[in-house]
Amino acid sequence: MSESGKPILYSYFRSSCSWRVRIALALKSIDYETVPINLIKDGGQQFSKEFQALNPMKQLAIIEYLEETRPTPRLLPQDPKKRVLVRMISDLIAGGIQPLQNLSILKQVGQENQLAWAQKAINSGFSALEQILQSTAGKYCVGDEVSMADLCLVPQVANAERYKVDLTPYPTISRINKALLALEAFQVSHPCRQPDTPPELRA
């Protein structure tokens, strides 16, 4: 907590993990303070002992904590079957797609191979995700209510666009993403509107 009593989010404007938490905070109308953590500067400030001592949890655990302590609006459905689907989709994106195109992984594959590697990882994951969403989606990922799965989807689609992935084969993903980006919580949490967003990337 900050001196003002607000929760502190240690965040990087472009981080998918940070973006998911920002959306959750916005949806739940939780006022917070941002402390920028640059994932590139000095080899990645997230690797400092100071930051790792502050942040031992992963972002989905943080979202689940917010769900337990600030239960409205719900990001995990009350219906057990829907709740399992939300967690399954969230895990597929946050644990199966996004890590394969993290900065740390891309550095290992070499500059000349980064784009092809990221595209392959995203296309592989999106092929599975599209098939799942065709059976689970309503207006959003699972039915017609925004859930934790949607918080994971939008940042990952942004990454796909950043790495020039052709989204034509994924109409369900594209439709849901468009609907979510029309919501205020997804707009105010967008990377182009954060305190540490570089001037040339602001919108």
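Residue numbers (the UniProt record's numbering): 1 to 203.
By construction, the Cβ of each residue, glycine as well, lies at the ideal position given by its N, Cα and C atoms.
Computed from a predicted model, the values in this text were never measured in an experiment.
Comparing alpha carbon positions, the residue from SER29, LEU9, GLY5 closest to PHE186 is SER29. For LEU129, the enclosing alpha helix (DSSP H) starts and ends at 114–136. For GLU130 against TYR170, the beta-carbon gap comes to about 5 angstroms, under 8 angstroms, which counts as contact.
The beta carbons of SER16 and GLN194 sit about 13 angstroms from each other, so the pair does not count as a contact at 8 angstroms. Residue state for THR34 is assigned as strand, using DSSP reduced to three classes. Around the C-beta of ARG22, 16 or more other C-beta atoms lie within 10 Å, and the residue is accordingly described as buried. A direct Cα-to-Cα measurement between GLN134 and THR172 gives close to 7 angstroms. For ILE97, there is no enclosing beta strand (DSSP E), as DSSP gives it neither H nor E.
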